[in-house]
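Chemist: The structure follows.
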Amino acid sequence: MNQPVLYKQSFLIALLAALQAVMPAVVAVGTLYATVTFFGSVFDRSSQAIVVVAVLCLVLIQPPREVTTPVTTARITAVADTIFRWLLLLAVLLAVGYITNSFAAYPRRIFLTWALVTPVALILVTLTMQELMHHFLMNAFENRKAIFAGYNNSSLELARRLTNNPVMRLAVSGFFDDRSTDRLGLESDAKLIGTLSDLSAYVKQHGTDVIFIALPIRHLKRVMNLLDDLRDTTASIYYVPDIFVFDLIQARSGEIHGIPVVAMCETPFYGYRGVTKRLIDIGLSVVVLLLFLPLLLLVALMVKISSPGPVIFKQRRYGLDARELAVYKFRTMTVTEDGTQIRQASKTDKRITRIGAILRRTSMDELPQLINVLQGRMSLVGPRPHAVAHNEEYRKLIKGYMVRHKVLPGITGLAQVNGCRGETSQLADMEARVNYDLDYLRRWSPMLDVKIILLTAIKVFRDDKAY
């Protein structure tokens, strides 16, 4: 939606955007070929490696899909994003190599040299392409004039972002609204030009290029009248809904068979985002399982000999789209409750075994859920799944409770690293947990997942709510 506002259509801009998309693959393949040539040892599967690297680069190391981002992102953010995506690619390569048992075919010195040299080249190319896009956009077109019909939180915020981002090439002249300055509570950086009836004449006299209509949806008649008045101009017109009056989750615009729609509550893991999330889950789960395999076997033996009952406890919980799934955990209690009534564990719960207390304190009882992650039924990071009985209880008490099931449940989550774990003896405890879960859906990014994983590792041995 924002590309026509940014700049006029240009073949050169489209060409630069295409180059941004394919350049990571070109750089990675080029450095791989150069590394092989430098060491003078073309290994048997070099052609297969080049194909795999090229495909992974096209999937994982891509500039953000919104056209504004590559040219407006700070350099340090672009560097951090490139490094993160490169580490993700290496993790996937290692996982593929382990699964296919093909490590021996690739000389270690070549792989290590390539893994260290390539991110440097990628960073240099990324910054160069960003500067090219920035330079071209800043010099290709003159600034265009923009005005707003309607003053509210949404229009003010958009005006500020346009003003603070010169690469968008839009100069905001001011606002039109039928309310007085006193009633509007006009901010110091906002200028009221006139009333809505003055807008059409102003556009004709001052050569305005872009008009943002930010009137409330309930004023549909006024919007229609305004559109009629503006039919005698050549200005581009955009409608800006006042999104701040809604509690939106992953709101975005699009179309269905040519009909424009606005998503107001949706999963953050659509398109390439879902692919990125899944690859992170698979790569890290495989690595953790391999590293902790001896420990997992030892824990399983200790659970078996410490008390009668199964080693792995399976409990029905709600997963993606509120579909039931069996969550795996090391058994930590003398009971295996999974009915319509389930009593939550408390700090002095006599049902918890001795070894179970240690496992719960260190969260090692959750490690079997890595199998759930590999099955695609859970994620490393996401809202913690609750027992079906608890779900049915709290969905009736907490508004928006079921929205947390728009994504896969996680082994850890934003709520857990913010202290919301353990027993929810009061309704407010569960409400706080749900609020964090919904905030995770609003704010998700790969870096947020990495931050949560790191905070989880730090808090494992310092959480007094783990029991």
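Residue numbering for the sequence shown follows numbering that gives the first Met the number 0, beginning at 0 and increasing consecutively. Virtual Cβ for every residue (Gly too), placed ideally from N, Cα, C. All figures in this text were calculated on a predicted structure; none of them were measured in a lab.
#1: Rounding to the nearest angstrom, what Cα-Cα distance links G381 and D231 in this structure?
#2: If we count the other Cβ atoms within 10 Å of its Cβ and call it buried at 16 or more, is M446 buried or exposed?
#3: Is the distance from the Cβ of L93 to the Cβ of L278 below 8 Å?
#4: Which first and last residues belong to the beta strand (DSSP E) in which L191 is found?
#5: Let's see if you can read the secondary structure: which residues bound the alpha helix (DSSP H) around G469?
#6: Could you say which of L288, T207, Y317 and R442 lies nearest to A170 if we only look at CA atoms?
#7: Where does G375 sit, in a helix, a strand or coil, going by DSSP?
#8: Taking three-plus beta-carbon pairs below 8 Å as touching, is the stretch 359 to 378 in contact with the stretch 312 to 330?
#9: I'd like to know whether the C-beta atoms of T30 and W113 end up nearer to each other than 8 Å.
#10: Return the first residue and the last residue of the alpha helix (DSSP H) that V387 is part of.
#11: Can you give me the start and stop residues for the beta strand (DSSP E) that Q204 sits inside?
#12: Helix, strand or coil for V406, going by three-state DSSP, please let me know.
#13: Are the beta-carbon atoms belonging to V326 and P384 less than 8 Å from one another?
#14: Could you check what DSSP says for I236 in three-state terms: helix, strand or coil?
#15: Please report the residue range of the alpha helix (DSSP H) in which S179 lies.
#16: Roughly how many whole angstroms lie between the Cα atoms of R182 and Y150?
#17: Ignore the nearest five residues each way along the sequence and tell me which others in T76's own chain have a CB closer than 8 Å to its CB.
#18: Considering only DSSP beta bridges, list what Y435 is partnered with.
#19: Distance, Cα to Cα, G375 vs I281?
#20: To which residues of the same chain is L126 closer than 7 Å at the C-beta, ignoring the five residues directly before and after it?
#21: Where does T352 land, buried or exposed, given buried means 16+ other C-beta within 10 angstroms?
#22: Can you list, in chain order, the residues of its chain with a C-beta nearer than 8 Å to that of A189? Leave out the 5 residues immediately preceding and following it.
#23: Determine whether the beta carbon atoms of E26 and L121 lie at a separation below 8 Å.
#24: Tell me whether the beta-carbon of W85 lies closer than 8 Å to the beta-carbon of I49.
#25: Taking all protein chains shown into account, do 16 or more other C-beta atoms lie within 10 angstroms of the C-beta of L290, making it buried, or fewer, making it exposed?
#26: Since I451 and V406 are thought to touch, with beta carbons under 8 Å apart, how far apart are those beta carbons, to the nearest angstrom?
#27: Whose CA, out of V286, L288 and Q19, lies closest to the CA of L131?
#28: For the alpha helix (DSSP H) containing N83, name the first residue and the last one.
#29: For the alpha helix (DSSP H) holding K220, just list the boundary residues, first then last.
#30: Can L426 and G399 be called in contact, C-beta distance under 8 Å?
Modeler: This is what the structure gives:
#1: Counting from one through the sequence shown, the residue named residue 381 turns up at place 382. Counting from one through the sequence shown, the residue named residue 231 turns up at place 232. Linking G381 to D231 through their CA atoms gives a straight-line distance of about 51 Å.
#2: Residue numbering aside, residue 446 sits at position 447 when the sequence shown is read from its first letter. By the Cβ-count criterion, M446 is exposed, with fewer than 16 other Cβ atoms from all chains shown falling within 10 Å of its own Cβ.
#3: Along the sequence shown, one-based indexing puts residue 93 at 94. Along the sequence shown, one-based indexing puts residue 278 at 279. Contact flag unset, no.
#4: What you label residue 191 is simply residue 192 of the sequence shown in a count that begins at 1. Segment L191 to G193, the beta strand (DSSP E) holding L191.
#5: Any question about residue 469 goes unanswered here, given that the chain covers just 0 to 466.
#6: Translated into the one-based positions of the sequence shown, residue 170 becomes position 171. Of the candidates L288, T207, Y317 and R442, the one whose C-alpha sits nearest the C-alpha of A170 is T207.
#7: In the sequence shown, residue 375 corresponds to position 376, counting from 1. Coil, per DSSP.
#8: As far as the Cβ criterion goes, the stretch 359 to 378 touches the stretch 312 to 330, which means the pair count is three or higher.
#9: Along the sequence shown, one-based indexing puts residue 30 at 31. Along the sequence shown, one-based indexing puts residue 113 at 114. Yes.
#10: In the sequence shown, residue 387 corresponds to position 388, counting from 1. For V387, the enclosing alpha helix (DSSP H) starts and ends at V387 to Y393.
#11: One-based indexing of the sequence shown puts residue 204 at position 205. Careful: Q204 lies outside any beta strand (DSSP E), inside the alpha helix (DSSP H) at L198 to H205.
#12: As a position in the sequence shown, residue 406 is number 407, starting the count at 1. Coil, per DSSP.
#13: The count along the sequence shown starts at 1 and reaches residue 326 at position 327. The count along the sequence shown starts at 1 and reaches residue 384 at position 385. Their beta carbons are under 8 Å apart, which means V326 touches P384 by this criterion.
#14: Numbered from 1 along the sequence shown, position 237 holds the residue referred to as residue 236. In the structure shown, I236 sits in a strand (DSSP, three-state: E or B).
#15: Numbered from its first residue, the sequence shown carries residue 179 at position 180. Per DSSP, S179 lies in no alpha helix (DSSP H) segment and is marked neither H nor E.
#16: On the sequence shown, residue 182 is found 183 positions in, with the first residue counted as 1. On the sequence shown, residue 150 is found 151 positions in, with the first residue counted as 1. Cα to Cα, the separation comes out at about 11 Å.
#17: Translated into positions along the sequence shown, residue 76 becomes position 77. Cβ within range, chain order: n/a, list empty.
#18: Here residue 435 is taken as the residue at index 436 of the sequence shown, counted from 1. As far as DSSP is concerned, Y435 takes part in no beta bridge.
#19: Here the question's residue 375 lines up with position 376 in the sequence shown. Here the question's residue 281 lines up with position 282 in the sequence shown. So the alpha carbons of these two residues sit roughly 9 Å apart.
#20: Residue mapping note: residue 126 aligns to position 127 of the sequence shown, counting from 1. The residues R74 and A77, in chain order, have a CB closer than 7 Å to that of L126 in the same chain once the five nearest residues on each side in sequence are set aside.
#21: Working through the sequence shown from its first residue, we reach residue 352 at position 353. Burial call: buried.
#22: Taking the sequence shown and counting its residues from 1, the one referred to as residue 189 is at position 190. Cβ neighbours of A189 beyond the five flanking positions: Y150, L155, A158, G173 and F174.
#23: If you number the sequence shown from 1, residue 26 lands on position 27. If you number the sequence shown from 1, residue 121 lands on position 122. Residue identity check: residue 26 is Val in the sequence provided, not Glu. A contact, by the Cβ cut-off of 8 Å.
#24: The residue you call residue 85 lines up with position 86 of the sequence shown. The residue you call residue 49 lines up with position 50 of the sequence shown. Taking 8 Å as the Cβ cut-off, W85 and I49 do not qualify as a contacting pair.
#25: The residue you call residue 290 lines up with position 291 of the sequence shown. L290 is exposed by the Cβ-count criterion.
#26: Translated into positions along the sequence shown, residue 451 becomes position 452. Translated into positions along the sequence shown, residue 406 becomes position 407. The Cβ separation is near 13 Å, so there is no contact.
#27: Taking the sequence shown and counting its residues from 1, one reaches residue 131 at position 132. Relative to L131, the option among V286, L288 and Q19 whose CA is nearest is Q19.
#28: Here residue 83 is taken as the residue at index 84 of the sequence shown, counted from 1. It should be noted that the sequence gives Phe, not Asn, for residue 83. Unbroken alpha helix (DSSP H) run through F83: R74 to T99.
#29: Along the sequence shown, one-based indexing puts residue 220 at 221. L219 to D228 is the span of the alpha helix (DSSP H), which, as asked, contains K220.
#30: Residue numbering aside, residue 426 sits at position 427 when the sequence shown is read from its first letter. Residue numbering aside, residue 399 sits at position 400 when the sequence shown is read from its first letter. G399 sits away from L426, with the two beta carbons spaced by 8 Å or more.
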